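A.B. asks:
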Amino acid sequence: KAGVTQTPRYLIKTRGQQVTLSCSPISGHRSVSWYQQTPGQGLQFLFEYFSETQRNKGNFPGRFSGRQFSNSRSEMNVSTLELGDSALYLCASSLTGELFFGEGSRLTVL
Amino acid sequence: GQSLEQPSEVTAVEGAIVQINCTYQTSGFYGLSWYQQHDGGAPTFLSYNALDGLEETGRFSSFLSRSDSYGYLLLQELQMKDSASYFCAVQGSQGNLIFGKGTKLSVKP
């Protein structure tokens, strides 16, 4: 059974650009959550999608957005990138509560 | 709101026992989870406690006291491969998992 797949694994952007990250959940999992991980801050919750609807949202500015498609794949977008957006972005899917994480997309903003 | 406190770093030697504590504040409680993350890897689920007491899974055990808003992860017979970051997490009021900042465990030979 394939795990959670995130693409791209690494990317470098400059301030002001936008970025789109993709996440393919485990087959059969309809819930997809996104987290931002930075050194010393742990995993901070961005948002959760379930059946194409945003179910929960963390305390991030509106520059951070996401969506989920009918096949449960999810994307998150960050517009007008800032230096502080440099982080590891983790996607997790779940069926019954336990989260299964992908390897993450490491974003560097220059 | 919700918040979790856990030590930032712990060091222990191979074969020893180490306990990683976690205290939490949450408006509603639905259980305490633990996740392990090796450097450069994805967090992986270790354990979940919904009720008071000890849950044992091999060398790892997790304890919860709801009256004290406190839990811990106990790692026995430490191995070098246990060197990783360990996160406690509680379910937020909206259902999402809220994570602590993590405890970096270093196991020395």
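Those protein sequences? They're chains S and Z, same order as listed. So for the first sequence, the working numbering puts the first residue at 44; every next one is plus one. So for the second sequence, the working numbering puts the first residue at 203; every next one is plus one. Glycine included, C-beta positions come from ideal geometry on N, C-alpha and C. Small disclaimer: the values here were computed from a predicted structure and weren't measured.
Which partner residues of residue 251 of chain Z appear in the DSSP bridge assignment?
C.D. replies: Numbered from its first residue, the second sequence carries residue 251 of chain Z at position 49. In the DSSP output, where bridge partners are listed per residue, residue 251 of chain Z has Z/234.
A.B. asks: What residue from Z/264, Z/235 and Z/241 has the CA that sits closest to residue 307 of chain Z's CA?
C.D. replies: Here the question's residue 307 of chain Z lines up with position 105 in the second sequence. Of the candidates Z/264, Z/235 and Z/241, the one whose C-alpha sits nearest the C-alpha of residue 307 of chain Z is Z/241.
A.B. asks: If you draw a straight line from the alpha carbon of residue 133 of chain S to that of residue 289 of chain Z, how long is it in whole angstroms?
C.D. replies: Counted from its first residue, the first sequence places residue 133 of chain S at position 90. Counted from its first residue, the second sequence places residue 289 of chain Z at position 87. Each residue's Cα considered, the two are about 14 Å apart.
A.B. asks: Does any CB atom of chain S fall closer than 8 Å to the CB of residue 310 of chain Z?
C.D. replies: One-based indexing of the second sequence puts residue 310 of chain Z at position 108. By this cut-off, residue 310 of chain Z is not an interface position.
A.B. asks: Do you know offhand how far residue 73 of chain S's Cα is from residue 137 of chain S's?
C.D. replies: Taking the first sequence and counting its residues from 1, the one referred to as residue 73 of chain S is at position 30. Taking the first sequence and counting its residues from 1, the one referred to as residue 137 of chain S is at position 94. If I take the Cα positions, the gap works out to 7 Å.
A.B. asks: On the criterion of 16 or more Cβ atoms from any shown chain inside 10 Å, does residue 273 of chain Z qualify as buried, or is it exposed?
C.D. replies: The residue you call residue 273 of chain Z lines up with position 71 of the second sequence. Residue 273 of chain Z is buried by the Cβ-count criterion.
A.B. asks: Take every Cβ of the stretch 51 to 62 of chain S, pair it with every Cβ of the stretch 206 to 218 of chain Z, and state whether three or more of those distances are shorter than 8 Å.
C.D. replies: With the cut-off at 8 Å, the stretch 51 to 62 of chain S and the stretch 206 to 218 of chain Z do not touch.
A.B. asks: What does residue 296 of chain Z touch in chain S if you count any residue whose Cβ is under 7 Å from its own?
C.D. replies: In the second sequence, counting from the first residue as 1, residue 296 of chain Z sits at position 94. Chain S residues near residue 296 of chain Z: 99.
A.B. asks: Tell me, please, whether the stretch 87 to 106 of chain S touches the stretch 286 to 302 of chain Z by the rule of three or more beta-carbon pairs shorter than 8 Å.
C.D. replies: At 8 Å Cβ cutoff, the stretches touch.
A.B. asks: Buried or exposed for residue 45 of chain S, please, with buried defined as at least 16 other CB atoms from any protein chain shown within 10 angstroms of its CB.
C.D. replies: Residue numbering aside, residue 45 of chain S sits at position 2 when the first sequence is read from its first letter. Label assigned to residue 45 of chain S: exposed.
A.B. asks: Among Z/305, Z/309, Z/310 and Z/311, which residue has its Cα nearest to the Cα of residue 84 of chain S?
C.D. replies: Translated into the one-based positions of the first sequence, residue 84 of chain S becomes position 41. It is Z/305 whose Cα lies nearest to the Cα of residue 84 of chain S.
A.B. asks: Express the C-alpha separation of residue 237 of chain Z and residue 292 of chain Z in angstroms, rounding to a whole number.
C.D. replies: Locating residue 292 of chain Z in the second sequence gives position 90, where the first residue counts as 1. Locating residue 237 of chain Z in the second sequence gives position 35, where the first residue counts as 1. Going from the Cα of residue 292 of chain Z to the Cα of residue 237 of chain Z covers about 11 Å.
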